[in-house]
Structures are given as structure tokens and as C-alpha cells.
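Asks: Going down the list, the protein sequences come from chains A and B. The opening position of the first sequence corresponds to residue 3 in my numbering, with each subsequent residue numbered one higher. The opening position of the second sequence corresponds to residue 1197 in my numbering, with each subsequent residue numbered one higher. The structure's right below; bear with me while I get my questions together.
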Amino acid sequence: MSLQSVNGAVGGGGNGTAGRHKVPRLRLSMLAVVATALFASLFARLYDLQVVGSSDYQVQAEANRVRTVQVPAPRGRIVDRNGKVLVDNRVAVVVAIDRNVFGDLAEAEQAALLQRLTGELTAAGQVITPEEVTERLRDQRYSRYAPVPVATDVPEDLKIYLEEHAAEFPSVVVERTPVREYPYGNLAAHILGYVGKINDDELAFVEASDDTAKPYALNDEIGKTGVERTYERYLRGTPGVRRIEVDAEGDPVRVISEREPRPGDDLVLSIDIDLQAVAEQALQQGLADARARPPNRDNPPNNATTGAVVVEDPNNGQLLALASYPTYDPTAFVDGIDANEWAYLNDPANHYPLNNWAIQGQWAPGSTYKLFMGYAALHSGLMAPDTIFYDGGGYLIPGCTGLKCYRSNAGGAAHGAVNISEALTVSSDAFFYNVGAQFWLQRERFGDEGLQGYLAPWGVGEETGVALTGERPGRIAGPTWKREYNEPIGGDTVWRTGDSVNVGVGQGDVLVTPLQLANGYATFANGGTRYVPQVALRAQTYRTGDVTQEFAPEAAGRVEIAPQERQALLDGLANVPVRGTAAGAFAGFPLEDFPIAGKTGTAQVDNKADTALFSAFGPVNAPRYQVTAVLEESGFGATSAAPVVRRVFEVLAGVTPRPVAGPNGLPVNPEGGGLVGGGGAGYD
Amino acid sequence: MARGALDLRRAPARGLSGTRALGRRRRDDSWFHPRAPAAWKHVDLVLLGCALSVSALGALMILSSTRGTDPDAYDPSYLRRQVLFIGIGMAGMVAVTLVDYRRLRDFAWLPYVAVLFILGLVLSPLGTEQRGTQAWFQLGAFQLQPAELAKVVTVFALAALFARFEPPLPARRLAVGLALCGLPVGLILAQPDLGTALVFVAIVTGMVFVGGARMRHIVVLTAFGVIAVIGVLNSDLLEDYQRDRLTEFLEQDQGLVTAETYNLDQSKAAIASGGTSGKGLFEGTQTRLGFVPEQHTDFIFTALGEELGFAGSATLLALFALMCLRILRTAQIAHDRLGTLICAGVLSMLVFQVFQNVGMTMGIMPITGITLPFMSYGGSSVVASWLAVGLVLNVHMRRFG
Chain A
3 MSLQSVNGAV
13 GGGGNGTAGR
23 HKVPRLRLSM
33 LAVVATALFA
43 SLFARLYDLQ
53 VVGSSDYQVQ
63 AEANRVRTVQ
73 VPAPRGRIVD
83 RNGKVLVDNR
93 VAVVVAIDRN
103 VFGDLAEAEQ
113 AALLQRLTGE
123 LTAAGQVITP
133 EEVTERLRDQ
143 RYSRYAPVPV
153 ATDVPEDLKI
163 YLEEHAAEFP
173 SVVVERTPVR
183 EYPYGNLAAH
193 ILGYVGKIND
203 DELAFVEASD
213 DTAKPYALND
223 EIGKTGVERT
233 YERYLRGTPG
243 VRRIEVDAEG
253 DPVRVISERE
263 PRPGDDLVLS
273 IDIDLQAVAE
283 QALQQGLADA
293 RARPPNRDNP
303 PNNATTGAVV
313 VEDPNNGQLL
323 ALASYPTYDP
333 TAFVDGIDAN
343 EWAYLNDPAN
353 HYPLNNWAIQ
363 GQWAPGSTYK
373 LFMGYAALHS
383 GLMAPDTIFY
393 DGGGYLIPGC
403 TGLKCYRSNA
413 GGAAHGAVNI
423 SEALTVSSDA
433 FFYNVGAQFW
443 LQRERFGDEG
453 LQGYLAPWGV
463 GEETGVALTG
473 ERPGRIAGPT
483 WKREYNEPIG
493 GDTVWRTGDS
503 VNVGVGQGDV
513 LVTPLQLANG
523 YATFANGGTR
533 YVPQVALRAQ
543 TYRTGDVTQE
553 FAPEAAGRVE
563 IAPQERQALL
573 DGLANVPVRG
583 TAAGAFAGFP
593 LEDFPIAGKT
603 GTAQVDNKAD
613 TALFSAFGPV
623 NAPRYQVTAV
633 LEESGFGATS
643 AAPVVRRVFE
653 VLAGVTPRPV
663 AGPNGLPVNP
673 EGGGLVGGGG
683 AGYD
Chain B
1197 MARGALDLRR
1207 APARGLSGTR
1217 ALGRRRRDDS
1227 WFHPRAPAAW
1237 KHVDLVLLGC
1247 ALSVSALGAL
1257 MILSSTRGTD
1267 PDAYDPSYLR
1277 RQVLFIGIGM
1287 AGMVAVTLVD
1297 YRRLRDFAWL
1307 PYVAVLFILG
1317 LVLSPLGTEQ
1327 RGTQAWFQLG
1337 AFQLQPAELA
1347 KVVTVFALAA
1357 LFARFEPPLP
1367 ARRLAVGLAL
1377 CGLPVGLILA
1387 QPDLGTALVF
1397 VAIVTGMVFV
1407 GGARMRHIVV
1417 LTAFGVIAVI
1427 GVLNSDLLED
1437 YQRDRLTEFL
1447 EQDQGLVTAE
1457 TYNLDQSKAA
1467 IASGGTSGKG
1477 LFEGTQTRLG
1487 FVPEQHTDFI
1497 FTALGEELGF
1507 AGSATLLALF
1517 ALMCLRILRT
1527 AQIAHDRLGT
1537 LICAGVLSML
1547 VFQVFQNVGM
1557 TMGIMPITGI
1567 TLPFMSYGGS
1577 SVVASWLAVG
1587 LVLNVHMRRF
1597 G
């Protein structure tokens, strides 16, 4: 009790209890213990939060304050192999609504504003309803820190009107944004493709991908078809990033950092736009001519609905032109296509102008298939180059017991004794009926799929791999295919000799796309290397042109062909324009200066006019160009397709001056170009 | 004996003559008030220094949490007023220490009755309601919160009551004491201000305990208190939002983002993101951008935690702990039971408020409206804190009689 005694000593003499009290030391100590425990728990928790668990909360605090806004970057341009700009950017006016300001308006004001704004937009050709705008404004996927776009590419006078009456349109913002422009109109539309606002599926897809260098925001443009889509990753610009600090209300306080948007790379195509114009025009003309002709035999009239032309460099697979008919104007897709146009483009009556028929169209190849059949006959050892077959104008299928056991030649003409070269030149059906039949009859020797095994290396039963959208695989008909195709639908699953006979002349169930056919002939032209058809040469920096990515020719496979085999087939094809089936089409063409080898094809289609085909390459001894034309419902290949190919070759050979393409492909200067003699410049 | 020697080294109190004391006074005169009463020599400078340091830190954090994002638009009135409040509080502290607390004992009823009166008055239309609590008088540009002052007044009143009796405390006196505390609590709950009411519970608990209540009474009271709390939480007496606020801290970190957890999430994010050394003065993003609600008042600790980190906030807790230690020490060495009980009351108040306030910002206590003494913005709270320190200093400097 020392404290007590001290108090007593020094405090003595006080009144009452003062100075003599008994200090409740135990209870004070207990109070101290409680206090100590409470402080200790505070320290422990503080340590736990600030020292142990700090980093998680730092992330949370950072996420609280930083918002990221994307600034769209212009897409790269698309230019042809000679640097002519096919797709450019132009500045368009965007009408947008600032949600922060809009939200401060009274409800009646909001309704009146939307009513008036949509009225003005609709009057200016941008049809939109107040409900659509309201829905957009409610879409939380739009950034809070950028105005929500309502209409893109509004006319300049509406922009001026809105700016002059800004006070009457609170929260309405007029901005500028780059949009696609097509100096050549609808020319090469199927190759270029079009762009559009990213849709939910695409957004989900790109958000799930690992490639985050060029992130997408809602309303961003993305390539939908053609090279716009397949080369999206080069064409797309790198969006600018603005990091904004916001306060607790979410109001922006300041810009923390800003990265300027960087335009996408320019894409250099292998296409020559002038040649593309030639090809498209030749195709249109060919189809028009075909419509004017009577149909073959008792067929329905030549409707000449669709067609395609392919111009390829056989030495590397580069496509110089790729025409598809009917076509469309990609400009219609800038700022979103309107419903009527969309309906037109998807109406079957209009034969799907959006389809790239050069890769999406699948037709029976008819006699153009005989090149590949000839290879099968020679390379398998079934025949030698000098093996003679007697063409009596038809072919009786061996062992056949049905009604259709005799197949006559198209046109019924008898060609007499022919070797394989001659059979190609005159397009002897009987010869190739026999080839087809023999492969199946001698299946002990060649196998059930023996014939198909010699056709596949030409790439006529699978996608070529061209970097364009929607390519179809074609079909090599064979026993396995027939069984697998017909079994589920309860059809005939048995492969018969007659089926092989059909394959022999590219009929029956055989299908190719124009590009497959062209690429097969290009493979033959270069001696057996099958390239992946190439549509783009390189990506290079926007405007400055430093190459960022070179697209080298890529071999997809090789066809083993002996020199004497190739020579026999080549001889046959080279005579086609001289004295064979295409002699008429090439009358007057300087074949001695620019020899061309090719093959006509006329494929029969049930209840329709014949498909006209012609595939050719030249010059024969050092082929630089492969040109293929396919015209649906157009009659004979020799009369409808071959002239189209000839028209292209005239330009390639310098027979007619090379036109300079203008908008929509119409040569603005038919006399110009100055390309004379010698066979064209610089497509290799 | 050691303790005697210690106390003899310190000069005896007023009225005691002796050559040692005189000699001592002469030496001291060279650096301390020459004419001051002797008691001034025994002022607890450590306690005073701690209170001053915490006040200064509080003012700094109020500056930080109210300066906002735009330096040009800064409203300095919060800082100016807080400095003024600290000045008023310190003047009040000096006033409280001027008169011997023993002389004040007989008049303890006077401020108590006065404070009851104004607690009643604040419930009348004269009072002002903010966020559903009728707790303020609007006096021109200033606001007075009588409940804050009532805490100190009640400490003194209870001390005066319990000091009349030697332990063990008779049951009847205990009941009077509880009633003495219950009256202001009832009026405060009518505002309603649960946080401040709980401080009274802490005060009366500490003082009943130190005042010498029988253990069986304490056990019965504790049991009654626990039953009451459970009963209230499960009854209809509380609005749903009040109950949610009290229990939400038990459900933190479960990934739920509700209006109820927003405060706590932001508060914890502010403190924890400060890390070991903090983001730097005025550099706290949670603070600068206003993510923590009520930051300059009840959540002032979060500004300190974010900007000065563990180093700063642990220092603050250490300062509070040191204050508690000095108050405890004063309770032990007080001249009489009155002094001991005053210190016990102030200690209970301080410990509870610091634990409750800092604890709620870190999610170990429910969120109730309660200020951090000396730190939080607000005149009534600051003045009440300084008055409480004044009472302890009064006891301390007159410990020799």
C-alpha cells in the first residue's frame, strides 16, 4: 500500500475521505487489460489490412478511380498491286448524345428532344425512332465517358443546322469520325468486302480472344466480309486510350494519360484494279451476250444469272482479278445499310449479289474436268500418250443392263480414232467416258477410290484457302462420298460404273468453284505446284508504306506429273483455241505471238440452261496468266465463256489497250493506258 | 522507498510549505510561470502533448479530406473552423483546470441538469435534423451537438455520485447511478443516435466497475445488457436499415455490393491501399476523389490510413494508447475517489470511442455514428474531448491534495 501511504504522507490534513481513499487497483488493472486488448486488436487489424493485405485493396482503389475510354482509330486503306487506292477513309459527321447532360434534362425535355432529333435525322435520310435512341442510351455497354452515337454520316447541312441550333438540342454532340470510302464504287466489291458495327457475337468473340492489342468497343467497326474481314487484324487501327480519373460520383476529374489512336496498316492486294475492271466488264458483257442467244437443245432459256472470272498468276498463286456477278455497292454499308437495300441483296430473285460466286458458287465443271481426268489416265498407267481410242460418237457402258447404258457425245459428233491430246482438243466425251469407266472396272488394280485419288491433288475437292470469306469446298464424287451422302437421306448408296462415267466428263455429282478450277489449271500451267491463291501481297504502315508484313506465296501441295504426261496434255489444250472447241472464240487472236492453252466446258444442269466454262493459261511455254470464266445458265462454254476469257487475254496480251478503271469499273479512258504489244506489264 | 522518493522529487502541492518545495519552486521559476499556483507545475505534459498532436493530425487530415479535386475551388472553412474548435476546446480545458475538481463536486448537478434540459430541447422543433437524426442546434454558422457535451458532464456527475461511497457500492446508489446515466441515454436514443448512446454505456460500465459495485451486481447487469442487445436486435424497435448497419460488418468480404457494404468497402479500401508508408499527404485517391462517405467526420481515420499508411495510423493509435496510459496512471495516483472515478470515466469513454470508431472503419465493429476524439471534424466533439482532458489534468495536477 505504498501509494496509500504516500498519499497519506503528502495529503494529510485534508477533509473527509480526500487523500485517504483506497485506490481500486485491481479493477483499474482489469480496465487496463480490457483497454490493452482493444488496442491490440486494433493494431492487429491495422497490420492485417495495411501490411499483409494491402495489394488487393490497392487494386480496388485504383479500379475505383480510373476509367478507360477508347478513341477509335482509322482503318488502314486497301490499295491494289499498283498502289491505286481501292478503299479509303473519309471524315463523316456523327450525331451523338452526351448521356451526362441528357440525364440532367427533365423527362418531358428528353422526350421532346428525341422526338425532334429523330425527326431531323429521318428527314435527312437517317431513319431512326426515339425508341431506338432511348434503347441505345440505356445500353450500359457504351462508355459513360464518351457520347453515345446516334447516327453516322449525316449530311453536312444537318450538321450545320444542329450546330447553329445547339441551344435547342441540349446534350446533342456533333463529332467527326473516319468512315470507309470506295473510289472505285462497286468494283472488286466481293474481294474488298464491307465493314459494319461489331455485333454481339463478334464482340463476345474478340473479347474472349487473347489478342488485346486492338480492343473493340461497342459501335466499333469490324470487317464483315472479304479482305476487310480476313485481314482485320492488319487493317484495324489501334484505338487510342484515354485514362480518366473519376471521383466518387463518377464525374471525370482529369486525364491521367492518353495514347493517340494509331491507324491500321494499309493492305496491298495482288489485284490489279484495271484488270479487275476488264474482267468484270467482260463477265457482264459475256452474260448479256449469253442471254441474247437461244439455249442449247431443248433447255430453258439462257438466264445468265450469275458468273465469275478468275485471273491468277500461275507462278505464285497471286490473284490479279476476281470478278463475281451480280455485284453490289459497298458504299451502301457505310453508316449501316438500310432495310430495303438489305432485303434486295438477300432476295433469291436477285441471285445474291453479296455472294462471291468465284469462291461460293459450285458448278459441275463439265469438260474442263478432262484435264484432270487426262492426268489420271496417264499418271495411273491406264493409258499412254499414244494410246488410241475410237470415238464413235458415244459410249456403251460395259456390263450395263439398264435403260441409259449408251452415252452419246455432247452434240453427238463422232471424232474417230483419238489419242489423249486429240481427245482434249476436240473434247471427246467417249474417250473420257471410257477413262472414267475403266477406273471403276479395274478397281482391283486402282482401288475403289483410285480415280478420286488422282483428282484430289488438283485441289478440286477442298477449299483453296484463299483469304476471303465464304469459300465452298466443291466435291469430288466417289463411292465413299455417295454412300455417306445418300445413306442418311435414304438415297441410292451404290456406286456404279455409270457414276464413274459421269465423273469422266465432269458431270453427275462433281462440283467445283471457279477459283478451284482456275487454281487447278494454274497448277498444271506451272508444272505441278498448287499454290494457295493469294489476294494480298503485304501490309504496310498507313500512308508511309513501311512494310509490316509480307505475304509470301504458299504452296498447298504438289501434283506429280511426268514431263511426257504434261506435254501430251499441254499439246491437247494448246490446240483448243487453234483448231479445237474454242477456235471460233479465238478467231483473230494472235495465238502465234501469245499462244494460249485452255479447255471449254458445258455442264448440263437439270431444268436449267447449261453452265458455260472456259479455263485457259498463256503464253503456253511460259505461262504468266491463268484465266477462268464460269457463266451459269449461259449455254456452251465455247460460245459464252471462252469469249469472256479471250477479252481478258486481249488486254493481257496487249492486243487491245489496257483501260484505266474508273468508278464502278467503266473505263473512263478506253483509249488510254498505252499498253501495247509484248503481253502486259508487271503481273509477275 | 522508491515510490516515496519518486513523489518527493516532484514538488508537493499548493499550501504545503517547506524548504525543499521552496527551493524547488525557485529553480522551476526560471522556466515556468513565475506566479502560477503550484498545481500548474504538475500538469501532465505528456497527456497534453498527445492531445495536441492528435488534434494537429486531425486538422491536417480534415484539410486533406476536404480539399477536393480542384485546388481553385477549395473551401478552407472546414480547416479554419476545426482550428477554431481546437482553440475553443483548449480554452475550455484551461477553464476546467482552473478550479479544483473537488470544489466543483457539489455543483456537479448543475451542468448535468442543464445538459438534460438541452438534450430535451434538441428534440423540440428548435433542434435540427440531419440524415434522420435530430441531434443539433443550428447556431448561426455553427452547430452544437449537446450529446457530445453530455458525455463529459455525465462522467463528472457519476464520479461525484459514486465518490460519496466506499466500495462496495450499495445497490440503491448503483441504481441511482444507472438512472443518472439512463436519462441522457434515453434522450439521445430518441434523436436517435445509437453511437453516442453506446458511449454512455461504456462510461457507466467502466465507472460502476471502478466505483466498486459488487461483482454479482456487475454480472447481473452484464447479463441484462447482453439480453437487452439481443432483444433489441430481434425486435421491431430498430428500423431495418439500422439493424443492417449494425450487422453488415459480419457479412463483409463475401463479394456482395450493397448500399450497406459500400461505406465499409470504400473505408477498408482507403485504409488498406495506404500500405506500409501511405500514398503521401494529399495523394490518397480514395480521399481526394471522395470515395469514403463522411470522411472528415466519422471516417477521418481512413484519410490518415490511406495517405500516411501503417506508419501514420499506428502512430495515431500509439498516441491514443499513450493518452489512455496517462489517464490510467492519473486514476491510480489521484488524490481521492472522485479523481480516480473521473479518470476511469474519461478512460472508458476514450477507449470505447477509439475502438468503436477505428474498429468500424476497418470492419471489426459495426458502423455507428461516432466520432474519433480530437480527430473528427466537429466543434462539439472536439470541445468535449478537450474538456475531458481538462478534467483529467485537473485531477492529475492536484493529486497531492
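Think of the CB as a built atom: it goes at the ideal place given N, C-alpha and C, for glycine as much as any other residue.
1) Looking at the structure shown, is A1409 (chain B) part of a helix, part of a strand, or coil, going by DSSP?
2) What are the start and end residues of each continuous beta strand (DSSP E) run of 3 or more residues lying completely inside the region 412-475 of chain A, in chain order?
3) Please report how far the alpha carbon of A640 (chain A) lies from the alpha carbon of L615 (chain A), in whole angstroms.
4) Classify G10 (chain A): buried if its beta carbon has 16 or more other beta carbons within 10 angstroms, exposed otherwise.
5) Classify R143 (chain A) as buried or exposed, calling it buried when 16 or more other Cβ atoms lie within 10 Å of its own Cβ.
6) If we ignore side chains and look at the alpha-carbon of each, how far apart do V73 (chain A) and P328 (chain A) end up?
7) Name, going along the chain, the residues of the region 88-107 of chain A whose beta-carbon falls closer than 9 Å to a beta-carbon of chain B.
8) Where do the ends of the beta strand (DSSP E) carrying W1332 (chain B) lie?
9) Can you find a C-beta in chain A that's less than 8 Å from the C-beta of R1263 (chain B)?
10) Suppose the cutoff is 6 Å on Cβ atoms and the five residues either side in sequence are ignored; what does the same chain contact list for R1223 (chain B) look like?
11) So with Cβ pairs under 8 Å, would you call G1501 (chain B) a contact of chain A?
12) Check whether the Cβ of G55 (chain A) lies closer than 8 Å to any Cβ atom in chain B.
13) Output yes or no for whether 8 Å exceeds the beta carbon distance between A541 (chain A) and Y236 (chain A).
14) Helix, strand or coil for R261 (chain A), going by three-state DSSP, please let me know.
15) Please say whether G574 (chain A) and G506 (chain A) have beta carbons closer to each other than 8 Å?
16) Just to confirm, are G1373 (chain B) and L1357 (chain B) a CB contact at a threshold of 8 Å?
17) When you compare the CB of A692 (chain A) with every CB in chain B, is at least one pair closer than 8 Å?
18) Keeping to the same chain, check which residues put their C-beta closer than 8 Å to that of A643 (chain A); ignore five residues upstream and five downstream.
19) Given that P1364 (chain B) touches chain A, what residues does it touch there, using C-beta distances under 8 Å?
20) Listing by chain order, which chain B residues have their CB less than 7 Å from the CB of L51 (chain A)?
21) Using a Cβ-Cβ cut-off of 8 Å, state whether S43 (chain A) counts as contacting chain B.
22) Residues in the same chain with beta-carbon distance under 6 Å from R29 (chain A), minus the five sequence neighbours each way, listed in chain order, please.
23) Count the other CB atoms, across all protein chains shown, that sit within 10 Å of the CB of P1230 (chain B); report buried if there are 16 or more and exposed otherwise.
24) What span of residues does the alpha helix (DSSP H) with E109 (chain A) cover, start to end?
25) To which residues of the same chain is F1487 (chain B) closer than 6 Å at the C-beta, ignoring the five residues directly before and after it?
26) What residues match up with R560 (chain A) in a beta bridge as DSSP calls it?
27) Going by Cα to Cα distance, which pick from B:A1510, B:L1460 and B:V1428 is closest to Q1491 (chain B)?
28) Taking the C-alpha atoms as reference points, what is the distance between F596 (chain A) and L271 (chain A)?
29) Put T1293 (chain B) into one of helix, strand or coil per three-state DSSP.
30) Evaluate the contact criterion for the region 194-213 of chain A versus the region 106-117 of chain A: three or more CB pairs, one atom per stretch, below 8 Å.
31) Using a C-beta to C-beta distance shorter than 7 Å, which residues of chain E count as neighbours of L40 (chain A)?
32) Using alpha carbons as the reference points, say which of A:P303, A:G492 and A:G480 lies closest to Q509 (chain A).
33) Run the CB neighbour count on S1576 (chain B), radius 10 Å, all protein chains shown included, and call it buried at 16 or more, exposed below.
34) Would you verify that the beta carbon of Q62 (chain A) is, or is not, closer than 8 Å to some beta carbon of chain B?
35) Using a beta-carbon distance below 8 Å, is T1418 (chain B) in contact with chain A?
36) Whose CA, out of A:N298, A:A148 and A:L40, lies closest to the CA of D1 (chain A)?
Replies: Based on what the coordinates show:
1) strand
2) 418-420
3) 8 Å
4) Confidence is the limiting factor: at G10 (chain A) the pLDDT is only 35, short of 50, which leaves the residue's position unreliable and the question unanswerable from this model.
5) exposed
6) 37 Å
7) none
8) T1329 to L1335
9) no
10) Because the pLDDT of R1223 (chain B) is 46, which lies under 50, any placement of that residue in the model is unreliable, and the number read from its coordinates should be weighed accordingly. None.
11) yes
12) yes
13) yes
14) strand
15) no
16) yes
17) Given a span of 3 to 686 for chain A in the structure shown, any question on residue 692 (chain A) remains unanswerable.
18) G288, T602, G603, A614, L615, F616, A631, V632, L633 and S636
19) In chain order: nothing, as chain A lies at least about 11 Å away.
20) K1464, I1467, A1468 and M1558
21) yes
22) none
23) Here P1230 (chain B) scores only 44 on pLDDT, less than 50, and its place in the model should not be relied on; the value that follows carries that caveat. P1230 (chain B) should be labelled exposed.
24) E109 to A125
25) Q1462
26) A:T531
27) B:L1460
28) 27 Å
29) helix
30) no
31) Looking for chain E here will not work: the only protein chains present are A and B.
32) A:G480
33) buried
34) yes
35) no
36) A query on residue 1 (chain A) cannot be resolved here, the shown segment of chain A reaching from 3 to 686 and no further.
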